[in-house]
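Engineer: This is the structure I want to talk about, given as structure tokens.
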DNA sequence: ATCTGCCGGTCGATGTCCTCCACGCCTAGA
DNA sequence: TCTAGGCGTGGAGGACATCGACCGGCAGAT
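Chains as they are written, first to last, in the working numbering: chain V, 16 to 161; chain G, 16 to 161.
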């Protein structure tokens with residue numbers, strides 16, 4: 016990937032609604048050239064999409080936690096991600112190396128909702144859970160350097 | 016916050032570049048009404064910004080890890096987030112309850128780069144680290160339910 | 001009951017931006 | 001030298017964002 020593509024990617028990672036006109040000005044290219052590069056980046060999957068970044072407190076999900084899960088029966092087939100996908104409170108699911116097999120990032124409205132969610136997770140995927148609640152997040156979703 | 020604002024928020028969380036025309040069609044409002052609601056959501060900070068979601072492999076950062084940090088001197092002032100902010104490989108920093116004090120999400124190019132980053136983290140914040148490398152991420156950054 | 005603000009909506013006009021197409025410039029290979 | 005392909009520019013059209021003017025309903029005060 017070329018240097019100018021990297022530049023476009025970091026610009027769009029920083030401001031996903033930046034106009035093609037502005038992108039062109041920043042990169043020194045014409046609008047059309049930028050446009051076709053962005054389309055190519057999307058087609059190649061480098062840019063997977065665009066998203067609004069929310070204030071989770073303002074949106075009514077003030078409690079964030081990381082939930083590490085470990086299968087109760089280690090011999091059972093490991094399809095926890097699919098079994099948990101229907102739980103909208105789960106924002107992300109990472110398969111990890113180490114003691115536990117997955118780390119889930121969850122957002123809920125209250126401690127009570129967290130308790131209920133943990134029960135659902137254990138029941139749906141037949142796992143034990145270890146949860147770490149986040150107290151505050153100084154920063155999150157920062158754009159990469161490249 | 017009203018129902019229609021929630022709807023706008025989830026639509027924009029799912030597609031951050033959706034046009035106001037499409038938003039208006041989805042919500043049943045006029046373009047102007049949607050426009051003014053979105054501006055209000057931004058002014059109130061409910062929508063903090065927009066971002067392109069990237070394929071981190073394609074962008075040259077194929078290795079993701081969670082780094083839990085714990086101060087070596089518990090009596091020292093706790094300003095780890097500021098001391099670590101200059102490290103661009105750190106995508107997120109959460110203050111957490113539990114054994115460790117922060118969880119960092121980091122993205123690097125290689126295991127070697129991870130090793131180097133860990134040294135920088137330890138040196139910059141005077142902490143010990145415990146890192147969990149992610150093997151794959153089935154999903155990430157899903158829009159909330161509300 | 002009427003008046004008065006205000007919030008939130010529609011409508012319409014204007015300027016900007018997106019999007020596509022035709023063309024030109026390099027470079028590589030036969 | 002010819003040719004093909006990748007990548008850029010420029011322009012034209014239509015779609016879109018943005019703003020102002022106007023309108024209707026609701027609440028509180030007179």
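Glycine included, every Cβ here is placed at the ideal spot set by N, Cα and C.
Please read these numbers as outputs of a predicted model, since none were measured by experiment.
Among G:102, G:63 and G:139, which has the Cα closest to the Cα of residue 121 of chain G?
Structural biologist: Among G:102, G:63 and G:139, the Cα nearest to that of residue 121 of chain G is on G:102.
Engineer: With which residues is residue 109 of chain V paired in a DSSP beta bridge?
Structural biologist: Residue 109 of chain V is bridged by DSSP to V:118.
Engineer: Any C-beta of chain V within less than 8 Å: which residues of the segment 64-93 of chain G qualify?
Structural biologist: 64, 65, 66, 67, 68, 69, 70, 71, 73, 74, 75, 76, 79 and 81
Engineer: Which chain G residues sit within Cβ distance under 9 Å of residue 34 of chain V?
Structural biologist: Neighbours of residue 34 of chain V on chain G: none; closest Cβ ~10 Å, over 9 Å.
Engineer: Closest Cβ-Cβ distance between residue 40 of chain V and chain G: below 8 Å?
Structural biologist: Not an interface residue.
Engineer: Counting only beta-carbon atoms, is residue 54 of chain V nearer than 8 Å to chain G?
Structural biologist: no
Engineer: The alpha helix (DSSP H) with residue 164 of chain V in it runs from where to where?
Structural biologist: Because residue 164 of chain V is not part of the residues shown, which for chain V are 16 to 161, the question remains open.
Engineer: Could you tell me whether the segment 74-90 of chain V touches the segment 146-153 of chain V, using the rule of 3 or more Cβ pairs below 8 Å?
Structural biologist: The segment 74-90 of chain V vs the segment 146-153 of chain V: in contact.
Engineer: Just grab the DSSP bridge partners of residue 64 of chain G for me.
Structural biologist: Partner(s): V:68.
Engineer: With C-beta atoms as the reference, is residue 31 of chain V less than 8 Å away from residue 65 of chain G?
Structural biologist: yes
Engineer: Where does residue 145 of chain V sit, in a helix, a strand or coil, going by DSSP?
Structural biologist: strand
Engineer: Going by DSSP, name the residue or residues bridged to residue 35 of chain V.
Structural biologist: DSSP lists no partner for residue 35 of chain V.
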